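Colleague: These protein sequence lines map, in sequence, to chains A and B.
Using this note's numbering, read the first sequence as starting at 1444 and increasing by one per residue.
Using this note's numbering, read the second sequence as starting at 1444 and increasing by one per residue.
Glycine residues also receive a C-beta, built at the ideal position from the N, C-alpha and C atoms.
Please read these numbers as outputs of a predicted model, since none were measured by experiment.
Below is one structure. I have some questions about it.
There are 2 protein chains.
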Amino acid sequence: MEKLAIGIDLGGTNLKGIILNEKGEGRHLTRIPTEAQKGGAHVLKNIIHLIGELVSKEGSEKNIIGVGIGTPGFVDEDGTVSGAENLPGWKGTRIYDGIAEKFDFKVTAANDVTVATMAEAKYGAGRGVRNLVCYALGTGIGGGIVIDHHLYKGTHGMAGELGHIVVETNGIQCNCGLKGCVERYASATGIVNLALKLCSEAGNNNPTPFVVEVNKDPSKVTSKMVYDFVKQNDPVANQVNEIACDMLARAIGITLNTLSPDRVILGGGVMMAGQVIIDTVSKYVPRYCWPMIWEKCDLVIAELGEDSGVLGAGAMVFDEFGC
Amino acid sequence: MEKLAIGIDLGGTNLKGIILNEKGEGRHLTRIPTEAQKGGAHVLKNIIHLIGELVSKEGSEKNIIGVGIGTPGFVDEDGTVSGAENLPGWKGTRIYDGIAEKFDFKVTAANDVTVATMAEAKYGAGRGVRNLVCYALGTGIGGGIVIDHHLYKGTHGMAGELGHIVVETNGIQCNCGLKGCVERYASATGIVNLALKLCSEAGNNNPTPFVVEVNKDPSKVTSKMVYDFVKQNDPVANQVNEIACDMLARAIGITLNTLSPDRVILGGGVMMAGQVIIDTVSKYVPRYCWPMIWEKCDLVIAELGEDSGVLGAGAMVFDEFGC
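Laid out in C-alpha cells, this is it:
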C-alpha cells in the first residue's frame, strides 16, 4: 500500500494543498484563496474544504495517513495557533479539533518556515543529513531545525526563531520589540535598508553606479538589485553585502556553537543571489564559532523553491506518523 | 532483572566511577587517580581498571547494560576524543575500542558538561522536562542540551558549546580564539576579571568595602567573594553582577529563540550564589528573546552537586541503550 500525506501551505493570499507519497512525489497541487480577512474560523473552513477537494481528487481517504499544515505564527501541542499577527483572527484557532471532526486521519501543524525546513531535509539540500539548520532569508528571516532526522518544533512550536537572534547589542530596532535581531540586517528588508542608508551617506560625492541607481528612486530598491550590483563589483553594493553577511555569520556561528549541525541551509528569496552569499558568510563564520565545529559543517543553498511549504507539510506527516 | 549502568567521570586529577540503577540510585562510588601526565593510553588503562573494580564490587557483569563516560573535550561517533587540551595525549584516544576489547557491554561517551546535563534531566532540576538547556558556570562555561528527553550531542559530540556564544562583538579575547564569548564575562574567571577591572578603576576614590577588599589582594578574589558583597548590596559588586548577568542573559536569550526549551538550568560553582543570579538574569533575558518564548520557559538552579558527572554518565547509558 502506498502511504500518502496531505500537505497544506497557508499563505496570506492563497491556501496551497498537495497529495504526497513517501518519496516526495506530489499530485493534485491545488490553490484556493485563503480569505484571511474573513477571520480564523473561515480560514479553517477553507482548509477543510481544500482537504476535501484533495481527497476527492485522489478518489479515496484510505491511503492517507494524515494532513500537515504550515502556517504563519506558531502551533502549540494541542493545535492552537499563536503569533500569526498578519492573519487577523487566526491566532487562537484550534486547528486539530476542527479537522479531526471532519476526517479520520491525523493532523499536525507548524510554523511555515519550520515546515519548509522539513522539505529540504527530506527532499532537498538536506537529504540524508542527520542534524541541520535552515535560515530562510525573505522579507524577514525564519528558521528551522532538524535533529536526528526529525523536525524539532519545541514543546510549544516556537523553536527556530533564528531571525531574532540578537547579533548587535542595542542595534537596529526590530518589529518584534528586540534590538539588533539578525533579520534587521540580513533579510531582504534589512539589505534594502542597509543599501538606502549607505547610498544616502555616499550622496553625490563620487557616487558609484549603484549609489546613482538607488538614489534615483529609493522606493524601487530590492535585495535583487543590490546583488546585481555586487556581481558588477560595485564597492558600495559590496559593502552592503559584507555587512549583511557578517551579521548573518554571527547568527550562524551561534547556531553552530549551540547545535553543531552537519549542514546549514540558506534559502528564501535573498538566496537568488546564490554563491556570493555563501562565500561571504563563510569568510565571517570563523570569527563567531569554533573552528572544529565549522570544519564539520557545510553551508549550502536551499534546493526547493516555492513548493517547499506544501512538500514540507506533507513530509512532516511522514516524520511524525511513521512512513 | 534490575538493569545497571556504569558511570565514569574523567577529571584532570581523579577518575570517579559508580554503578547506577534506572532510578538513579548509585552504589560503589570509587575514585582513583587519573594520572593524566602519563598520557592517553595510560588514562584509558586506568578507566578500564576502574570499570573492572566496579564490576568486581558488584560481583557480576550480567545486569550491566553499558558504561558511560564523561570527559573533557569532545567524543566523535566512533569514540575518538578531540579537544581536551588540558589532558596531554588524551586527544585522539579511541575510547570505545579499548573498552570493548575487555568487556561485553556497550560504551558511550560525551563531553563532561553535556553528561552532567543528562543527570539534571533524569534525576535533578530537569526531571520530567521534555526540552531543556543547561549552562554550567565554572572556571569556564559549558553547556548541554536535552531534546525530547534525550541527550543531544551533535553528530561529532560537539553540540552545546554555549560558553562560546559570542555576546559582544569585538569583546574580550577568549582562549578559544574568538572574541566576546559569554564565558569571558559570566564564568567564575570572567566574574573575577570584571571585579578586578571595576575595582581597579574605582581605586581609592570613595572605595566601597568590596573595592577595598579586592584591591587589598587581587590574587585572592573569587566569584564567591563577589557574591558575598552582592548580598551586602555593595554597589560595585552589584555592578559586576549586573554585567555578568546581562551577558549571560544574552546567551540564554539566543538559546531560547533557537530552541524554545521548557527549562534552562544554571549550574556550576558560580551558582553557589543562588537566587540573586536567577533574578538578575531574568531581568535581562526579555531584552534578547521573544516574550512568548520566555513565558513558556523556567530558569532554575541545578540540583545535583559534584556527583552530576558520574550520575549523568550512567544516565546516558540508559538514555542510549534503553531502560
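Nearest CA to the CA of Ile1695/A: which residue from Asp1750/A, Gly1569/A, His1592/A and Glu1604/A?
Modeller: Your numbering for residue 1695/A matches position 252 in the first sequence. When each option's Cα is compared against that of Ile1695/A, the closest is Glu1604/A.
Colleague: Once you ignore the five residues that flank Ala1579/A on each side, which residues in its own chain have a CB closer than 6 Å to its CB?
Modeller: In the first sequence, the residue the question calls residue 1579/A occupies position 136. Cβ within range, chain order: Val1556, Gly1585, Gly1710 and Gly1711.
Colleague: Counting only beta-carbon separations shorter than 8 Å, does Asp1705/B have a partner in chain A?
Modeller: Within the second sequence, the letter at position 262 stands for residue 1705/B. Yes, Asp1705/B lies at the interface with chain A (some Cβ there is under 8 Å from its Cβ).
Colleague: Examine chain A for any beta-carbon lying closer than 8 Å to the beta-carbon of Gly1571/B, and answer yes or no.
Modeller: As a working mapping, residue 1571/B is identified with position 128 in the second sequence. With 8 Å as the cut-off, Gly1571/B does not count as an interface residue toward chain A.
Colleague: Which full runs of the beta strand (DSSP E) of 3+ residues lie inside the region 1482–1555 of chain A, going along the chain?
Modeller: Segments of the beta strand (DSSP E) lying fully in the region 1482–1555 of chain A: 1507–1514 and 1549–1554.
Colleague: Are Tyr1595/A and Leu1747/A touching if we call contact CB-CB under 8 Å?
Modeller: Indexing the first sequence from 1 puts residue 1595/A at position 152. Indexing the first sequence from 1 puts residue 1747/A at position 304. Contact flag unset, no.
Colleague: Thinking C-alpha only, which one of Pro1476/A, Asp1705/A and Thr1598/A is nearest Met1735/A?
Modeller: Along the first sequence, read from residue 1 onward, the residue named residue 1735/A stands at position 292. If we check each option's Cα against that of Met1735/A, Asp1705/A comes out closest.
Colleague: Excluding the five sequence neighbours on either side, which residues of its own chain have a C-beta within less than 6 Å of the C-beta of Thr1523/A, listed in chain order?
Modeller: Walking along the first sequence from the start, residue 1523/A turns up at place 80. So the list reads Arg1537, once near-sequence residues are dropped.
Colleague: Going by C-alpha to C-alpha distance, which of Glu1685/B, Val1679/B and Met1601/B sits closest to Thr1698/A?
Modeller: For the purposes of this step, residue 1698/A is identified with residue 255 of the first sequence, where counting begins at 1. It is Met1601/B.
Colleague: Can you give me the Cβ contacts of Gly1386/A inside the same chain, cut-off strictly under 6 Å, excluding the 5 residues immediately before and after it?
Modeller: Any property of residue 1386/A remains undetermined from this structure, which presents chain A solely from 1444 to 1766.
Colleague: By the 10 Å Cβ neighbour count, where 16 or more other Cβ atoms means buried, how is Asn1700/A classified, buried or exposed?
Modeller: Along the first sequence, read from residue 1 onward, the residue named residue 1700/A stands at position 257. By the neighbour-count rule (16 or more Cβ atoms within 10 Å), Asn1700/A is buried.
Colleague: When burial is assigned at 16 or more other CB atoms within 10 Å of the CB, is Glu1763/B buried or exposed?
Modeller: For this step, residue 1763/B is matched to residue 320 along the second sequence. Buried, by the Cβ-count rule.
Colleague: Is there a Cβ of chain A sitting closer than 8 Å to that of Tyr1727/B, yes or no?
Modeller: The sequence position of residue 1727/B within the second sequence is 284, counting from 1. No, because no Cβ of chain A sits closer than 8 Å to the Cβ of Tyr1727/B.
Colleague: For Tyr1539/A, I'd like the list of residues in its chain whose CB is within less than 6 Å of its CB, leaving aside the five on either flank, ordered along the chain.
Modeller: On the first sequence, residue 1539/A is found 96 positions in, with the first residue counted as 1. Closer than 6 Å at the Cβ level, and outside the excluded window around Tyr1539/A, lie Gly1522 and Val1550.
Colleague: Contact between the region 1498–1518 of chain A and the region 1749–1760 of chain A: three or more CB pairs below 8 Å?
Modeller: Touching, yes.
Colleague: Answer yes if the region 1639–1654 of chain A comes into contact with the region 1670–1689 of chain A, meaning at least three C-beta pairs across the two stretches below 8 Å, and no otherwise.
Modeller: These segments touch.
Colleague: Name, please, each residue of chain A whose Cβ falls closer than 7 Å to the Cβ of Cys1386/B.
Modeller: Because residue 1386/B is not part of the residues shown, which for chain B are 1444 to 1766, the question remains open.
Colleague: Would you mind telling me which residues of chain B sit closer than 7 Å to His1599/A, beta carbon to beta carbon, in chain order?
Modeller: Locating residue 1599/A in the first sequence gives position 156, counting from the first residue. The answer, in chain order, is Ser1703 and Lys1739.
Colleague: Exposed or buried, what is Ala1568/B when buried is set at 16 or more other beta-carbons lying within 10 Å of its beta-carbon?
Modeller: Position 125 of the second sequence holds residue 1568/B. Its Cβ being crowded by 16 or more others within 10 Å, Ala1568/B is buried.
Colleague: Mind the definition here: the region 1655–1666 of chain A touches the region 1627–1639 of chain A only if three or more C-beta pairs lie below 8 Å; say whether that holds.
Modeller: Yes, they touch.
Colleague: Who pairs with Arg1706/A in a beta bridge, going by DSSP?
Modeller: Here the question's residue 1706/A lines up with position 263 in the first sequence. Bridge partners of Arg1706/A: Leu1575/A and Asp1741/A.
Colleague: Starting from the C-beta of Glu1501/B, find all residues in its chain whose C-beta is less than 6 Å away, skip the five residues before and the five after it, and write them out in chain order.
Modeller: Numbered from its first residue, the second sequence carries residue 1501/B at position 58. Here the set comprises Ile1462.
Colleague: Considering only their Cβ atoms, is the gap separating Ala1692/B from Val1719/B smaller than 8 Å?
Modeller: Indexing the second sequence from 1 puts residue 1719/B at position 276. Indexing the second sequence from 1 puts residue 1692/B at position 249. No; because the gap between Cβ atoms is not below 8 Å, this pair is not in contact.
Colleague: Ser1525/A touches chain B at which residues, Cβ-Cβ below 8 Å?
Modeller: Taking the first residue of the first sequence as 1, we reach residue 1525/A at position 82. Near Ser1525/A (Cβ distances below 8 Å), the residues of chain B are Met1735.
Colleague: So what does Arg1474/B bridge to, in DSSP terms?
Modeller: What you label residue 1474/B is simply residue 31 of the second sequence in a count that begins at 1. Bridge partners of Arg1474/B: Lys1459/B.
Colleague: Would you kindly work out how many angstroms separate the C-alpha atoms of Val1664/A and Val1673/A, rounded to a whole number?
Modeller: Indexing the first sequence from 1 puts residue 1664/A at position 221. Indexing the first sequence from 1 puts residue 1673/A at position 230. Spanning the two alpha carbons is a distance of roughly 14 Å.
Colleague: Looking at the unbroken alpha helix (DSSP H) that takes in Ala1756/B, where does it start and where does it end?
Modeller: Your numbering for residue 1756/B matches position 313 in the second sequence. Element bounds for Ala1756/B: Ser1751 to Phe1764.
Colleague: Ends of the beta strand (DSSP E) at Ile1588/B?
Modeller: Looking up residue 1588/B in the second sequence gives position 145. From DSSP, the beta strand (DSSP E) with Ile1588/B extends over Ile1584 to Ile1590.
Colleague: Kindly list, in the order they appear in chain B, the residues whose Cβ is closer than 7 Å to that of Tyr1433/A.
Modeller: Since the displayed chain A opens at 1444 and closes at 1766, residue 1433/A lies outside it and no answer follows.
Colleague: As a quick exercise: from Lys1466/A, Lys1667/A, Gly1516/A and Ser1703/A, pick the residue whose alpha carbon is nearest that of Met1714/A.
Modeller: On the first sequence, position 271 is the one that residue 1714/A refers to. That would be Lys1667/A, whose Cα lies nearest to the Cα of Met1714/A.
Colleague: Within 8 Å of any Cβ in chain B, is that where the Cβ of Gly1696/A sits?
Modeller: Sequence index remark: in the first sequence, residue 1696/A carries index 253 (1-based). Yes, because at least one Cβ of chain B sits closer than 8 Å to the Cβ of Gly1696/A.
Colleague: Could you tell me which uninterrupted beta strand (DSSP E) segments, each at least 3 residues in length, are contained entirely in the region 1667–1729 of chain A, listed from first to last along the chain?
Modeller: Taking only runs of at least 3 residues, the beta strand (DSSP E) segments lying wholly in the region 1667–1729 of chain A are 1706–1710.
Colleague: Could you compute how far the alpha carbon of Ile1475/B sits from the alpha carbon of Val1707/B?
Modeller: What you label residue 1475/B is simply residue 32 of the second sequence in a count that begins at 1. What you label residue 1707/B is simply residue 264 of the second sequence in a count that begins at 1. Rounded to the nearest angstrom, the two C-alpha atoms are 33 Å apart.
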